[in-house]
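Chemist:
Okay, structure coming up:
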């Protein structure tokens, strides 16, 4: 799917979220419902996530030049981390307010909460469908999708709370629903911070095991050793690999390198590889062998 198509679907979802969020804040204040206001806070982070995703898509299309040799592709990861942190901060406030209202429950307009929450469920279903049409391999797009999906669950909890308040008069149900929303925000925020942090720490993608890759490379008949093997992510779905490969004296370095690149492409889906291939005896005789390599050394 093209970046323009992604932007179109994200823009549709953003319009739905922002329009209903403003309505929900007003109704939440009128109904004195913390559950509705916390839902609106969650929707604000959803809207921020989508807006950041749109910004990241635009910046990622800029060509790499000057000091930015990878371009601005990591803006996506910066945005994802900022969104995750904002979710966690909002969750702390809603947890505090939820507990405070459990201790001293205020009056809540149950019917108004229920009606607004039902409308919110419909809006979130539409927004979730729109984002599901975009490319979810992007951490930002997937993060926005998960946020809106969590928000859908939160609206269901708020609708239940509104019905309970309306039918039983138990106003503490509103605060309990707000605590549920806060818990969902913690889960989503922690996940985004963790995933973006792994990218910043140059961790290998979860679907690629460096040890498995190293073992597979030394299984190639003419490969003697592989070290300084690194797999990381520039942005979502773009893992490069680099490695120093030592081959047998009678091997053709160019042929082996081509064989490795083909293997990495077909078996591990790696498109961007940087390989230094040398004869083992030449490297060791010259004293240039990496005595303290970065990471495990894979030998035949």
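Numbering (full-length UniProt numbering), first residue to last: 1 to 300.
For every residue, glycine included, the Cβ atom is placed at its ideal position computed from N, Cα and C.
1. For residue 1, name the three-state secondary structure that DSSP assigns.
2. Using only CA atoms, which one of 179, 239, 265 lies nearest to residue 34?
3. Using CA coordinates, which residue listed in 218, 187, 108 is at the minimum distance from residue 36?
4. Tell me which residue opens and which closes the beta strand (DSSP E) that residue 226 is part of.
5. My guess is that residue 298 and residue 206 are in contact by the Cβ rule of under 8 Å, so how many angstroms apart are they, rounded?
6. How many Å lie between residue 23 and residue 91 at the Cα?
7. Of the choices 26, 41, 7, 17, whose alpha-carbon is the least far from that of residue 53?
8. Between 62, 247, 238, which has its C-alpha nearest residue 265's C-alpha?
9. Distance check for residue 88 and residue 212, CA to CA, integer angstroms please.
10. Within 10 angstroms of the Cβ of residue 254, are there 16 or more other Cβ atoms? Answer buried if so, exposed if not.
11. Of the choices 31, 270, 169, whose alpha-carbon is the least far from that of residue 208?
12. Go ahead and label residue 1 buried or exposed: buried means 16 or more other beta carbons lie within 10 angstroms of its beta carbon, across all protein chains shown.
13. Residue 175 and residue 101 look like a contact to me (Cβ under 8 Å); what is the Cβ gap, rounded to whole Å?
14. DSSP on residue 243, reduced to helix/strand/coil?
15. Is DSSP giving residue 81 helix, strand or coil here?
16. Please report the residue range of the beta strand (DSSP E) in which residue 262 lies.
17. For residue 294, name the three-state secondary structure that DSSP assigns.
18. For the putative contact between residue 94 and residue 224, defined by C-beta atoms under 8 Å, what is the C-beta separation to the nearest angstrom?
19. So, does the region 272–282 touch the region 233–249, judging by three or more C-beta pairs under 8 Å?
20. Take the Cβ of residue 294 as the centre, count every other Cβ of all protein chains shown within 10 Å, and call the residue buried at 16 or more, exposed below.
21. Between which residues of its own chain and residue 46 is the CB-CB distance below 7 Å, once the five residues before and five after are set aside?
22. So, helix, strand or coil for residue 171, using DSSP?
23. Could you name the residues that DSSP lists as bridge partners for residue 68?
24. Report all residues from its chain with a CB closer than 6 Å to the CB of residue 117; omit the five preceding and five following residues, and keep chain order.
25. Roughly how many angstroms separate the alpha carbons of residue 26 and residue 32, rounded to a whole number?
26. By the 10 Å Cβ neighbour count, where 16 or more other Cβ atoms means buried, how is residue 272 classified, buried or exposed?
27. Our contact map puts residue 65 next to residue 234 with C-beta atoms below 8 Å; I'd like the distance itself, whole angstroms only.
28. Confirm, please, whether the CB-CB distance from residue 188 to residue 231 is below 8 Å.
Modeler: So, to answer that:
1. Counting from 1 along the chain shown, the entry for residue 1 is found at position 1. Reliability fails at residue 1, whose pLDDT of 47 lies under 50, so the model's placement of it is uncertain and no value is given.
2. For the purposes of this step, residue 34 is taken as the residue at position 34 of the chain shown. Residue 179 is the option with its Cα nearest to residue 34.
3. As a position in the chain shown, residue 36 is number 36, starting the count at 1. Per the Cα distances, 108.
4. Locating residue 226 in the chain shown gives position 226, counting from the first residue. Looking at the DSSP string, the run of the beta strand (DSSP E) that includes residue 226 is 223–231.
5. Within the chain shown, the letter at position 298 stands for residue 298. Within the chain shown, the letter at position 206 stands for residue 206. Taking a contact as a CB-CB distance under 8 Å, the pair residue 298 and residue 206 does not count as one, their CB atoms being some 21 Å apart.
6. Numbered from 1 along the chain shown, position 23 holds the residue referred to as residue 23. Numbered from 1 along the chain shown, position 91 holds the residue referred to as residue 91. Distance between the alpha carbons of residue 23 and residue 91 is about 21 Å.
7. By one-based count along the chain shown, residue 53 stands at place 53. Across the set 26, 41, 7, 17, the C-alpha of 7 shows the shortest separation from the C-alpha of residue 53.
8. Residue mapping note: residue 265 aligns to position 265 of the chain shown, counting from 1. That would be 238, whose Cα lies nearest to the Cα of residue 265.
9. Here residue 212 corresponds to residue number 212 of the chain shown, with the count starting at 1. Here residue 88 corresponds to residue number 88 of the chain shown, with the count starting at 1. Cα-Cα distance, rounded: 35 Å.
10. In the chain shown, the residue the question calls residue 254 occupies position 254. Per the 10 Å Cβ criterion, exposed.
11. The residue labelled residue 208 in the question sits at position 208 within the chain shown. Distance check between residue 208 and each of 31, 270, 169 places 270 closest, using alpha-carbon atoms only.
12. By 1-based counting over the chain shown, the position of residue 1 is 1. For residue 1, the predicted model reports a pLDDT of 47, less than 50, meaning its position is unreliable and no value from the coordinates is stated.
13. In the chain shown, residue 175 corresponds to position 175, counting from 1. In the chain shown, residue 101 corresponds to position 101, counting from 1. Confirmed, Cβ separation roughly 4 Å.
14. The residue you call residue 243 lines up with position 243 of the chain shown. Residue 243 falls in the strand class under three-state DSSP.
15. Here residue 81 refers to the residue found at position 81 of the chain shown. Looking at residue 81 - three-state DSSP - the assignment turns out to be helix.
16. Looking up residue 262 in the chain shown gives position 262. From DSSP, residue 262 is part of no beta strand (DSSP E) but of the alpha helix (DSSP H) over 253–268.
17. Along the chain shown, one-based indexing puts residue 294 at 294. Of the three classes helix, strand and coil, the one that applies to residue 294 here is coil, per DSSP.
18. For this step, residue 94 is matched to residue 94 along the chain shown. For this step, residue 224 is matched to residue 224 along the chain shown. With 8 Å as the limit, residue 94 and residue 224 do not qualify as a contact, their Cβ atoms being about 58 Å apart.
19. yes
20. To locate residue 294, count along the chain shown from 1; it is residue 294. By the 10 Å Cβ count, residue 294 comes out exposed.
21. For the purposes of this step, residue 46 is identified with residue 46 of the chain shown, where counting begins at 1. Once the five neighbours on either side are set aside, the close Cβ partners of residue 46 are 17, 144, 147, 148, 151.
22. Residue numbering aside, residue 171 sits at position 171 when the chain shown is read from its first letter. In this structure, residue 171 counts as coil in the three-state DSSP scheme.
23. Taking the chain shown and counting its residues from 1, one reaches residue 68 at position 68. Answer by DSSP bridge pairing, in chain order: 65.
24. Translated into positions along the chain shown, residue 117 becomes position 117. Excluding sequence neighbours, residue 117 sits near 155, 158, 159, 162.
25. Translated into positions along the chain shown, residue 26 becomes position 26. Translated into positions along the chain shown, residue 32 becomes position 32. For residue 26 and residue 32, the distance between alpha carbons rounds to 10 Å.
26. For the purposes of this step, residue 272 is identified with residue 272 of the chain shown, where counting begins at 1. With fewer than 16 other Cβ atoms within 10 Å, it is exposed.
27. Your numbering for residue 65 matches position 65 in the chain shown. Your numbering for residue 234 matches position 234 in the chain shown. So it is not a contact: roughly 16 Å between Cβ atoms.
28. Indexing the chain shown from 1 puts residue 231 at position 231. Indexing the chain shown from 1 puts residue 188 at position 188. No, Cβ-Cβ distance for residue 231 and residue 188 is not below 8 Å.
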